[in-house]
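Enquirer: Residue 325 in my numbering sits at position 40 of the sequence shown, with consecutive numbering throughout. Each residue gets a CB set at the ideal place from its N, CA and C atoms; glycine is no exception. All figures in this text were calculated on a predicted structure; none of them were measured in a lab.
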Amino acid sequence: MKVAFVVVMTTMLGALLFVLGAIVVKVVPGIPGALSTFGAAIARGEVVALLGLGGIVLGLVVLVVMWRGAAPGGVHRRGHWEYRGEDKYWVSDDRD
286 MKVAFVVVMT TMLGALLFVL GAIVVKVVPG IPGALSTFGA AIARGEVVAL LGLGGIVLGL
346 VVLVVMWRGA APGGVHRRGH WEYRGEDKYW VSDDRD
């Protein structure tokens, strides 16, 4: 139930941000031109545009790695879930 709630709320927030972004792009006169100029610069292979695009991709990769690392147990720690009543706890397998 909690997971479904988070998924629905995240989807709604994403849709809201998408709509707000579309409104901003339509209302602010310079944004469509800037986006098309950036796209054209990438297509021409300009170094600065490619570095900017690489920075965006690298930022997204870092966010995904951080998200995975923040999960219970993280990327490196071994463990398992234990249930105590209705609550769920992460228990590390590294205990001596």
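Can the beta-carbon of W366 be found less than 9 Å from the beta-carbon of W352?
Expert: Within the sequence shown, numbered from 1, the residue matching residue 366 stands at position 81. Within the sequence shown, numbered from 1, the residue matching residue 352 stands at position 67. Result no, Cβ atoms of W366 and W352 do not sit closer than 9 Å.
Enquirer: Which of helix, strand or coil does DSSP assign to V346?
Expert: Taking the first residue of the sequence shown as position 1, residue 346 is located at position 61. V346 falls in the helix class under three-state DSSP.
Enquirer: Assuming the contact rule is C-beta atoms closer than 8 Å, L336 and I327 should be a hit. Round their C-beta distance to whole Å, please.
Expert: Against the sequence shown, residue 336 aligns to sequence position 51. Against the sequence shown, residue 327 aligns to sequence position 42. Not really, about 10 Å apart at Cβ, beyond 8 Å.
Enquirer: Please work out which residues of its chain come closer than 6 Å, Cβ to Cβ, to M297, disregarding the five sequence neighbours upstream and downstream, and give them in chain order.
Expert: Position 12 of the sequence shown, counted from the first residue, corresponds to residue 297. Here the set comprises nothing.
Enquirer: Would you give the residue range spanned by the beta strand (DSSP E) that V376 belongs to?
Expert: Counting from 1 along the sequence shown, the entry for residue 376 is found at position 91. First-last of the beta strand (DSSP E) with V376: 372-377.
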